[in-house]
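Here the structure comes first, spelled out in structure tokens, and everything after it is commentary.
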Amino acid sequence: MSALLDFINKWLKAGVLEVQEYVLLIGAALRATISRPYYRRDIVEQFEAIGIGSLSVVILTGFFTGAALALQSGQTLDQFGARSLVGRLVSASMIKELGPVLTGLMLAGRVGSGIAAELGSMVVTDQINALRALGTDPVRKLVVPRILAGTLMAPVLTVVADTFGIVAGWVIAVSNLRVGSGVYWQSVLDGLYVQDAYQGLIKPFFLGFVIVTIGCHVGLRTRGGTQGVGRATTNAVVAASVAVIAVDFFLTPLLISLLY
């Protein structure tokens, strides 16, 4: 029993320490964001790496999700004689929930792992210490550009995923479900409200911020050489993916109460 209590005690202390270091990293990054100097070139590079680099996977994810959603919902709506409402279901599901969450999960797998691996490699090869020795703040140089790019590009990528998902639903509705093109798009317009668009745009800001900050935190705390880099990459993907779902869960009722 004492061994079990010691294990739980160590586990809790390690968890509290991780949360403390994560919060301190966010605070340092926020302070660096509103003060000089700014590394504009690094910021532009991260916008390209995170935004343009993730475009293909986000497009494919949105398209096939919308197509599968239209196929499944079409069969269900047939039971109620409401096949013409497939556009409303696809658009509402993609914009309010599936678009932000699936885009966040794709970014967690691609961006979160990449950031953790890159920063972790710099830690184990003492490049971070070299930056400090040269008088450069690693948080300002490495973390801030990634946080800005991830936070601001996540909504753009979500809009892209939503668009391709709705278009894929239209393709399936016309070709497989025999729903008229005009009927589909009218259903899309009838089923969407301004509050839905706000909800679908607000969520990605938080999801992108969480994904990038977790990747930076895990990467900067990498220990143990190349094996540690592998563990950090895995931990970053797992933690960011769980955080995406958890943040979405807590944001959804809050946004519903504020917007509707």
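Remember, our numbering sits 263 above the position in the sequence shown when you count from 1. Ideal placement from N, C-alpha and C gives every residue a C-beta, glycine not left out.
Worksheet item: Which two residues bound the contiguous alpha helix (DSSP H) that contains Ile-297?
Response: As a first step, residue 297 is located in the sequence shown; it is residue number 34 there, counting from the start. Here Ile-297 belongs to no alpha helix (DSSP H), and DSSP marks it neither H nor E.
Fill in: C-alpha gap between Gly-398 and Ile-271, whole angstroms
Within the sequence shown, the letter at position 135 stands for residue 398. Within the sequence shown, the letter at position 8 stands for residue 271. Looking at the two C-alpha atoms, the distance is approximately 40 Å.
Worksheet entry | Residues of its chain near Thr-296, where Cβ-Cβ distance is below 6 Å and the 5 sequence neighbours each way are ignored | As a position in the sequence shown, residue 296 is number 33, starting the count at 1. Contacts found: Val-407.
Worksheet item: Between Gly-362 and Gly-325, is the Cβ-Cβ spacing less than 8 Å?
Response: As a position in the sequence shown, residue 362 is number 99, starting the count at 1. As a position in the sequence shown, residue 325 is number 62, starting the count at 1. Yes.
Worksheet item: So which of Val-374, Glu-360, Ala-312, Ser-265 has the shortest CA-CA distance to Cys-479?
Response: Taking the sequence shown and counting its residues from 1, the one referred to as residue 479 is at position 216. Residue Val-374 is the option with its Cα nearest to Cys-479.
Worksheet item: When the distance is taken between beta carbons, is Gln-462 closer than 8 Å to Lys-359?
Response: Locating residue 359 in the sequence shown gives position 96, counting from the first residue. Locating residue 462 in the sequence shown gives position 199, counting from the first residue. Closer than 8 Å, so yes.
Worksheet item: Are Thr-426 and Gly-471 touching if we call contact CB-CB under 8 Å?
Response: As a working note, residue 426 is residue 163 in the sequence shown. As a working note, residue 471 is residue 208 in the sequence shown. Cβ distance not < 8 Å, so Thr-426 and Gly-471 don't count as in contact.
Item to complete: Compute the beta-carbon to beta-carbon distance between Ala-379 and Ala-495, rounded to the nearest angstrom, for a pair I have assumed lies under 8 Å.
Response: As a working mapping, residue 379 is identified with position 116 in the sequence shown. As a working mapping, residue 495 is identified with position 232 in the sequence shown. 5 Å between Cβ atoms; contact.
Worksheet item: Is Ser-265 buried or exposed, if buried means 16 or more other CB atoms sit within 10 Å of its CB?
Response: Counting from 1 along the sequence shown, the entry for residue 265 is found at position 2. Classification of Ser-265: exposed, given that the 10 Å Cβ count is below 16.
Fill in: Contact between the stretch 277-288 and the stretch 384-395 (3+ Cβ pairs under 8 Å)
no
Practice prompt. For the stretch 395-442, list the alpha helix (DSSP H) runs that are entirely contained and at least 4 residues long, ordered along the chain.
Written response: 407-438
Fill in: Inter-residue Cα distance where the pair is Ser-356 and Glu-308
Sequence index remark: in the sequence shown, residue 356 carries index 93 (1-based). Sequence index remark: in the sequence shown, residue 308 carries index 45 (1-based). Those two C-alpha atoms are separated by around 33 Å.
Fill in: Alpha-carbon to alpha-carbon, Ala-330 and Val-434
Position 171 of the sequence shown, counted from the start, is the residue given in the question as residue 434. Position 67 of the sequence shown, counted from the start, is the residue given in the question as residue 330. Approximately 8 Å, taken between the alpha carbons.
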